[in-house]
Structures are given as structure tokens and as C-alpha cells.
Amino acid sequence: MDKRYEYLEHTADARFRAYGESLEEAFENAAYAMFNVMIDTSTVSAETSYEIELTSEDIEGLLFNWLSEILFVFEVESLAFAKFAVDRLEQDKDNFRLVARALGEEIDLSRHRFGTEVKAATYNDMRIERTPEGWMIQATVDT
Amino acid sequence: MSEETEISVFDILIKIDDNTWEVPIGYKAGMHVPGRIFVSGHLLGILEKETIDQVANVAMLPGIQKYSMAMPDAHLGYGFSIGGVAAFDKENGIISPGGVGFDINCGVRLIRTNLLENDVRPKLSQLLDDLFEAIPTGVGSKSRLRVSDAELDDIFINGVQWAVDKGYGVKEDLDHCESGGKIPGADPSKVSAKARKRGRPQLGTLGSGNHFLEVQYVDEIYDEELASVFGLHKGQVTFMIHCGSRGAGHQICTDHLQVLTQASRKYNIALPDKQLACAPAQSPEAQDYFKAMLCAANYAWVNRHVIMHWTREVFEKTFAEEFGDLGMHLVYDVAHNIAKLEEHTVDGKKTEVYVHRKGATRAFSPGHPDLPDDYRVTGQPVIIPGSMGTASYVLCGTKESMEISFGSACHGAGRVMSRKSAKSELHGEQVREELSLKGIQVRASQPSLIAEEAPEVYKSSSEVVDVVHDLGIAKKVAKLLPMGVIKG
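Here it is in C-alpha cells:
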């Protein structure tokens, strides 16, 4: 993929499209897109790994949970992230399930470049679509 | 805005009067009531069509009363538009987190002083540095105040009363806070462990984005009589706090949005936008959200209260006087992201409704029983923050607001430019320089934030305020100009 994600115009919040050859990769890039609103991930190093496992009844719910969980871990563990790795994204008869790692380090206000706080993920105009190149995710986060 | 969009906005709406535009019931299939957008012709020209769609979407929700409304500062949100107001029948209506937002009880608090502009100018730089130091700001900031789980329960239930009992502020502060700084009915058992974890270290933190602290002075008085009741006079220095419920509120909304998404399916409520997830007002799902939302609302009032307390301490140090001697009284504190059970008159009958205000301020009339004794003659103070570098306003509620807008008015200037465009078109240091030439000093954790929040990215606060004044839903009392701004 040439472009991992791009930001779209939105008056008040941050809206982005994230791409991936696989759905896993699109989920990873959606996390980068959201997190880069808050912090320049290139200023963070991937020292520690945080495991994330989530389920949801539908794929939109899974994306909402994934983005929400990253915000939660960022805030309560004081971890800034450099890298997101979605190891498995699967569907059984009742649920969608995601197993992933978020890699980063403890927040260091002297080194990390912060932007605007993302308050929450939203379902607003959320799209998860197959494209000729793979997958496209559109999401809006509340800033 | 393209010309096409402008034409289509005027094509959709029916003009009722200069500042009232109707979204007709047939605009979208399934609308129960018309939409009402309160804007001037000029402000309508910069309104996105999607905002009108969001007003129409809200009109489709069960049990909506009279109109789905949008205030003059309306702009694109998620679920409800920002500036959206809607009331739903207590029995046959719904409750929706999409009508409150993630930042539950984001709001504004105004503190007056007996200092004059000239007393403060020479010490402004030091004052701002000390405030910036005393009050944690920015992404991921943590408070020096840590509360236990038991204390958090107390905060969720008792709001500002908890803070006053702990020695933050004084008893008189309670009267000058909307709902006395505590809405009864909050139930901490409806708040998740995750929300608690986010809430414990963040009391007394500003956050980021459009939140701010501002040292201001009264530039103009529009109504001497009302202003004197609020303790405001020309040249006087005031202090404004704009923030909300921080991670606790964001997580409470996130958690309950999941539950209500499933509940919408369970109760067969057709949703035009998934972010409008809701449930019948008296269902367990809706009531659980409401009781948790009240916890966040009470938390937010404590958050602003603790920040006010630390502000008073900084002023005491700077001016070597007790805050009481400095006349640092709370003028009022208003919520602008909240749902409340209120009594209103609909079709000539008094009825209880869940009023959702998302980016809108309560504006109760003179004589309303919910107001403190000293403001019962004036009507409720309505505090409208400007954007960075522009004027803020104090207004007061009117009888008309009860008739027209379920006792509501606008909440701020309203964005017109995205953060993305702001960052590419404006430079933080340049904006800082321009503001400095106007006598406004800025402290911010990142220069890019100054660009994202520059005056140009917002509608003019004065234009927005003129609409509510002309409509009569709130009356102008005073205009405040910034001297120093702290951005998270």
C-alpha cells in the first residue's frame, strides 16, 4: 500500500480513511491514523508491548472497540504508541474477534510531540469496505 | 463552502423569520416533527448541508417534542449536530448518548474579581506562567489530586458538595452552579471499572482541544441592572474555565453507547445514524446510561471547581490577598453537553421531558424555581465563550427561551475550519504573534494547538450571540475580552 491512511475534511472532529491489503492491516492503519492526531508516533520508540484482545457482535463494533481500547490503554497506562500489530482478526459463529499488540513506551512529555486529544472513537459515518486493493476503513474520532 | 452547497441549504429550508429557519417535515422520510435552525441569513450561508441532515435525523427519534432544534453556532457533529437541542417525552420518548456527546457536562464557569485591567496587566505574564504550572493541561495530563474509589463514588453522587466538604471553595459556590453542582439520581454502580480508572487521576485537569482557561476583562456592559446583579462592571477582570468530565465522561459514553446500540435493535428503533443509538426513556438500558451520565455530569462540575480553587490560590499568591478580598466569586457555571429531566410546557400542558443539549446552554427564565435566590429576578446567567482571542459574552435567560427553545441558547462560536486545514494554513507562532499584538498572551503545550484553535477557525462569537439576543432566547448583559489564554 502506498498510502497507509489520510485525513479527510471535518469541521470539528478528525475523520480519516485507513487502507490495508488485509483487514488486519487496515485495522492497524486506522489505529495509526487515530493515534497520530494525538501524538507524532515517529517520536515514540517501541519498547514495550501491550496485548489487546477484543470481541464484538459486528465488525463496526469491533473497530469501535479497538480504537476505544487504544485510547483507554494510552490514558490509564500512560503509554504512547509507536506501532500497532493486529495478529488475528477472525469471525466465529457469534462474534468477531481481534488479537493485537500495541507497542510503545511510557509517555515522556519532554520528547514526545503531542497534538490534540482524541476524546473517543465514534460510529459516525463509519465505513469498512472491500476495495480492489484490499480494504478501506473510514472513521471519525471526537476531538 | 462551495456555491452548490449554499444554494441547496437555502433550497431545503423555509424561512420563518430573520433568525428562524424550518426543516420541513417531509425533508427526510420518518421525521416526526419539523426542524428549527436558529441562524441569521449570513450564518446560514456557512452552514454545512450535513448539519441540516443531522437536525432532520434527530426529528425521527421517537417521542420528540415540538422541534428538533439547532442553535446559531451549529456545525457538523456526530449523531446530533453540535448546537443541537431536542426534548423527548418522559414516557414515550428516548434517551440518547448521541444527544449529549462524549464530553459529558463540558461547560463553562465564570469567576469575577474586584481587580481592574490595569491592576493585572503588569503581572499578567507571571500570572499565566503560574496558572499554567498549577493546572495540568494537554493530552495525557494527570492531576496532583488523586482520589480513592470511595471518594470517586462520593464525587459521582454529591458533585461540588464533595469538593466544598473537602475544603475546595466555599459553600456560596454551590448556589452559583447549574443544578447546585449536583444532579440527584446519579448511580456509581452504572459506571464501569474502566471509567473509574480514567477518572481517578484526572480531577482538576483541563484536557486539550477547545478547552481553555482565560484571564479576561469586561469590555462592555449592555444592561447595567442585570450586570450589577451578576457583580459585573466595566474594566473589571474575570476568569473563565472551559472543560468537561475528562476520561471518566468519555469512557462512560463509550461504554453505554455499546449497550444502547444493541438496545436500539432490541426495541426496534430505526436509526438514521448509528451514533444516534438510543432506547425508550424508561427502559433499563436508557436509565442505566442516564444514571451513569449524571455521575459524569457531577464529576465535571467538581473538575471545574477544583480548577477554580487552584486559580484562586494562584491569584492569592500573585496579588498577596485572600481570594475573598480579591472578590473572586463564582458568577455562574453552565453545562453545555448534557441531558436533563425538566418540566416544560408543551401544547399548553406542563410535562416532563428529557432535554438533550449538545453544545447548547440552558437559559432558564426569570422566576424559574431552579435558579438561586439572587438570580431569580434576572434569569439564569448564560455564559458564551469566544474562541481564542475573541470576545466572550454573558447573557441571561428569558421567558421566550422557555417558549421557543426548551429554555436553551447557544454555547459558543462554533468551528468553521477543520483542524486539518487550520494546521496547513496557519502557523502557531504567527498566530501567537498576532494575538500578542492585540495584547493577548497565550500559553499552550504545543504551538500547533494555537493554529488549530486560531480565531479564524471559528464563527464570530458576536454574530452568534446577536442571533440569540435578537430572537429573545437570551439577553446580552456583558462582553468580555481576553488578556491571557491557556490552551491544553
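So the protein lines, in turn, are chains P and F. For the first sequence, position 48 (counting from the first letter as 1) is numbered 88 according to my numbering, and the numbering increases by one without interruption. For the second sequence, position 142 (counting from the first letter as 1) is numbered 145 according to my numbering, and the numbering increases by one without interruption. In this text, a Cβ means the ideal position worked out from N, Cα and C, and glycines have one as well. All values derive from a computational prediction rather than experimental measurement.
Between residue i and residue j, is the Cβ-Cβ spacing less than 8 Å?
i        : j        : result
Thr51/P  : Arg418/F : yes
Gln254/F : Arg201/F : yes
Met331/F : Arg112/F : no
Pro450/F : Glu217/F : no
Ala481/F : Leu235/F : yes
Cys492/F : Phe159/F : What the structure shows of chain F is the stretch from 4 to 491, and residue 492/F is not part of that stretch, so it cannot be assessed.
Ile98/F  : Tyr357/F : yes
Gly38/F  : Ala62/F  : yes
Ala122/P : Ser85/P  : yes
Asp148/P : Tyr81/F  : no
Thr1/F   : Ser464/F : Nothing in the structure corresponds to residue 1/F, since chain F is present only between 4 and 491.
Phe136/P : Ile99/P  : yes
Got a sec: does the ligand MG put a non-hydrogen atom nearer than 7 Å to the Cβ of residue i?
i        : result
Gly210/F : Looking for the ligand MG in the displayed structure turns up nothing, as the structure carries no ligands at all.
Taking the C-alpha atoms as reference points, what is the distance between residue i and residue j?
i        : j        : result
Ala447/F : Val158/P : 17 Å
Ala161/P : Ser108/P : 6 Å
Asn69/P  : Asp156/F : 38 Å
Asp182/P : Phe409/F : 27 Å
Ala284/F : Lys93/F  : 6 Å
Asp376/F : Leu127/F : 35 Å
Met296/F : Val26/F  : 30 Å
Ile177/P : Gln164/F : 45 Å
Gly389/F : Ala416/F : 6 Å
Lys462/F : Glu87/P  : 44 Å
Leu129/P : Glu455/F : 36 Å
Val142/F : Asp56/F  : 32 Å
Glu46/P  : Leu102/P : 21 Å
Leu440/F : Ala153/F : 49 Å
Glu49/P  : Asn60/F  : 21 Å
Asn121/F : Arg115/F : 15 Å
Leu47/F  : Val468/F : 14 Å
Ile387/F : Lys426/F : 25 Å
Leu64/F  : Pro139/F : 40 Å
Glu91/P  : Gly155/P : 25 Å
Gln433/F : Val445/F : 12 Å
Asp14/F  : Arg422/F : 29 Å
Glu7/F   : Leu16/F  : Any answer about Glu7/F is weak, because its pLDDT of 47 lies below 50 and its placement is not dependable; what the coordinates show is given next. Rounded to whole angstroms, Glu7/F to Leu16/F spans 15 Å at the Cα level.
Phe105/F : Ile28/F  : 29 Å
Met4/F   : Ile186/F : Caution is warranted here: a pLDDT of 44 is assigned to Met4/F, below 50, making its placement in the model unreliable, and no coordinate value can be reported.
Tyr163/P : Glu51/F  : 20 Å
Val167/F : Tyr302/F : 13 Å
Pro191/F : Lys294/F : 8 Å
What would DSSP say about residue i, mapped onto helix, strand or coil?
i        : result
Gln219/F : strand
Lys361/F : strand
Arg141/P : strand
Phe104/P : helix
Tyr45/P  : strand
His45/F  : helix
Arg147/F : coil
Arg418/F : strand
Gly174/P : strand
Ser89/P  : strand
Arg446/F : strand
Thr381/F : coil
Cys180/F : strand
Comparing alpha-carbon positions, which option in the options lies nearest residue i?
i        : options                                   : result
Glu53/F  : Asp165/P, Ala142/P and Thr95/P            : Asp165/P
Gln290/F : Gly207/F, Phe233/F and Ala189/F           : Ala189/F
Ala338/F : Lys237/F, Thr23/F, Leu484/F and His308/F  : His308/F
Phe135/F : Ala282/F, Gly207/F and Ser427/F           : Gly207/F
Glu316/F : Leu216/F, Asp152/F, Pro450/F and Tyr171/F : Tyr171/F
Ala412/F : Ala366/F, Gln444/F, Gly250/F and Val380/F : Ala366/F
Thr257/F : Ile224/F, Ala196/F and Met243/F           : Ala196/F
Asn22/F  : Met72/F, Gly66/F, Gln129/F and Gly29/F    : Met72/F
Gly212/F : Leu429/F, Phe318/F, Val167/F and Cys109/F : Cys109/F
Gly442/F : Gly33/F, Arg124/F, Ser11/F and Gly66/F    : Arg124/F
Ile407/F : Trp304/F, Ala477/F, Ile28/F and Ile489/F  : Ala477/F
Asp186/P : Glu65/P, Asn76/P, Phe56/P and Ala58/P     : An answer regarding residue 186/P cannot be provided, because it is not within the stretch 41 to 183 covered by chain P.
His472/F : Tyr292/F, Val42/F and Ser11/F             : Val42/F
Tyr30/F  : Leu177/F, Val12/F and Glu324/F            : Val12/F
Legend entry - Near-chain F residues of the region 116-141 of chain P - C-beta to any C-beta below 7 Å: Of all residues in the region 116-141 of chain P, those with a C-beta nearer than 7 Å to a C-beta of chain F are Val116 and Ser118, reading in chain order.
Inset, instruction - Could you name the residues of the region 202-226 of chain F whose beta carbon sits closer than 7 Å to any beta carbon of chain P, in the order they occur along the chain? - result: Taking a C-beta cut-off of 7 Å against chain P, the contacting residues of the region 202-226 of chain F are Gly210, Ser211 and Gly212, listed in chain order.
Inset, instruction - Please name the residues in the region 249-267 of chain F whose beta-carbon is closer than 8 Å to at least one beta-carbon of chain P, in chain order. - result: So the close ones are Gly250, His253, Gln254, Cys256, Thr257, Leu260, Gln261, Thr264 and Gln265.
Legend entry - Proximal residues, the region 86-112 of chain P versus chain F, C-beta separation under 8 Å: Cβ contacts with chain F come from Glu97, Glu100, Gly101, Phe104, Asn105, Ser108, Leu111 and Phe112.
Inset, instruction - With 9 Å as the limit, tell me which residues of the region 155-178 of chain P have their beta carbon closer than that to any beta carbon of chain F; keep them in chain order. - result: Near chain F, meaning a CB-to-CB distance below 9 Å, the residues of the region 155-178 of chain P are Gly155, Thr156, Glu157, Val158, Lys159, Ala160, Ala161, Thr162, Tyr163, Asn164, Asp165 and Met166.
Inset, instruction - Note down, in chain order, all residues in the region 33-59 of chain F with a beta-carbon under 8 Å from any beta-carbon belonging to chain P. - result: Result list: Glu51.
Legend entry - Selection of the region 269-280 of chain F by Cβ proximity to chain P, strictly under 8 Å: Taking 8 Å as the Cβ-Cβ cut-off against chain P, the residues of the region 269-280 of chain F that qualify are Asp276, Lys277, Gln278 and Ala280.
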